[in-house]
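*Asks:* Residue numbers (the numbering used here): 4 to 249.
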């Protein structure tokens with residue numbers, strides 16, 4: 004061990020700086036003499052002073068400061084080409100005493116696999132009490148009033164106007180209404196002196212009342228050829244007696 008002594012005068016004060024140069028002992032077991040604690044502390048202080056602290060918040064830990072020493076910055080990956088980790092590992096608790104480490108790549112996969120949250124349920128709006136047809140002051144009766152007297156015969160009004168009845172209207176109407184249930188009969192009756200909306204009446208007799216109810220609920224207020232269809236129930240006895248003008 005060689006000790007060199009340097010003398011310095013500053014403000015009438017003497018300071019001694021000891022520089023130590025250590026070499027392994029050739030005559031021993033090959034061990035080197037450790038430097039004094041004062042020199043080790045001064046080196047640590049110099050290293051800590053050289054660590055940048057700007058990329059981290061006030062809550063940075065010792066580990067964060069050490070990572071900054073090696074060039075780590077928030078939001079950038081480790082490595083020369085920033086190909087390494089950019090986020091700290093996270094631990095997910097799987098049981099009371101267990102857990103698993105989640106890498107940032109696993110977090111990205113979980114975000115892709117996880118389905119989007121379903122939209123909040125919104126109750127359907129109640130059906131309107133009445134619907135006005137275009138260019139007319141008449142209104143479609145509410146379904147509540149119609150359901151007071153159900154039957155197996157359905158009456159459709161304002162589906163077509165006067166002079167618009169053709170040979171295809173009856174079979175097409177019967178085919179369309181068959182999706183609600185078995186149709187027994189379809190009949191078209193036209194009142195010559197009636198107004199435009201009431202002059203053409205289409206009667207559909209179903210085999211079951213449940214089918215007629217489905218038809219009324221679905222067809223009442225539906226638009227057909229620019230018109231608003233009026234669907235209602237008709238008395239079975241009157242229909243069988245062919246009293247179709249009531």
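Quick reminder that beta carbons are idealized off the backbone N, C-alpha and C, glycines included.
Buried or exposed: where does residue 239 fall if 16 or more other Cβ atoms within 10 Å of its Cβ makes it buried?
*Replies:* Burial call: exposed.
*Asks:* Our contact map puts residue 163 next to residue 177 with C-beta atoms below 8 Å; I'd like the distance itself, whole angstroms only.
*Replies:* With a Cβ gap of about 15 Å, residue 163 and residue 177 do not count as contacting.
*Asks:* What does a CB cutoff of less than 8 Å around residue 259 pick up in its chain, not counting 5 residues either side in sequence?
*Replies:* Because residue 259 is not part of the residues shown, which for the chain are 4 to 249, the question remains open.
*Asks:* State the Cα-Cα distance for the pair residue 203 and residue 195, rounded to the nearest angstrom.
*Replies:* Those two C-alpha atoms are separated by around 9 Å.
*Asks:* Taking the beta carbon of residue 69 as the centre, do at least 16 other beta carbons fall within 10 Å, making it buried, or is it exposed?
*Replies:* When all chains shown are included, residue 69 counts as exposed.
*Asks:* Less than 8 Å separating the beta-carbons of residue 180 and residue 234?
*Replies:* The answer is no: Cβ separation not under 8 Å.
*Asks:* Rounded to the nearest angstrom, what separates residue 167 and residue 193 at their Cα positions?
*Replies:* Going by the C-alpha atoms only, they are around 11 Å apart.
*Asks:* Determine the closest residue to residue 147 out of 247, 249, 71 and 220, with distance taken between C-alpha atoms.
*Replies:* Checked all of 247, 249, 71 and 220; the closest Cα to residue 147 is 220.
*Asks:* Buried or exposed: where does residue 124 fall if 16 or more other Cβ atoms within 10 Å of its Cβ makes it buried?
*Replies:* No answer about residue 124 holds up, because its pLDDT of 49 lies below 50 and its placement is not dependable.
*Asks:* For residue 209, list the residues DSSP reports as bridge partners.
*Replies:* For residue 209, which the question treats as bridged, DSSP gives the partners 186.
*Asks:* For residue 96, count neighbouring C-beta atoms within 10 Å of its own C-beta (all shown protein chains included) and say buried if the count is 16 or more, exposed if not.
*Replies:* Looking at its Cβ environment, which holds fewer than 16 other Cβ atoms inside 10 Å, residue 96 is exposed.
*Asks:* Sort 231, 103 and 145 by Cα distance to residue 200 and report the nearest one.
*Replies:* Per the Cα distances, 231.
*Asks:* Take the Cβ of residue 15 as the centre, count every other Cβ of all protein chains shown within 10 Å, and call the residue buried at 16 or more, exposed below.
*Replies:* With a pLDDT of only 44 at residue 15, under 50, the local geometry of the prediction cannot be trusted, and the value read off the model is given with reservation. The residue is exposed, with fewer than 16 neighbouring Cβ atoms inside 10 Å.
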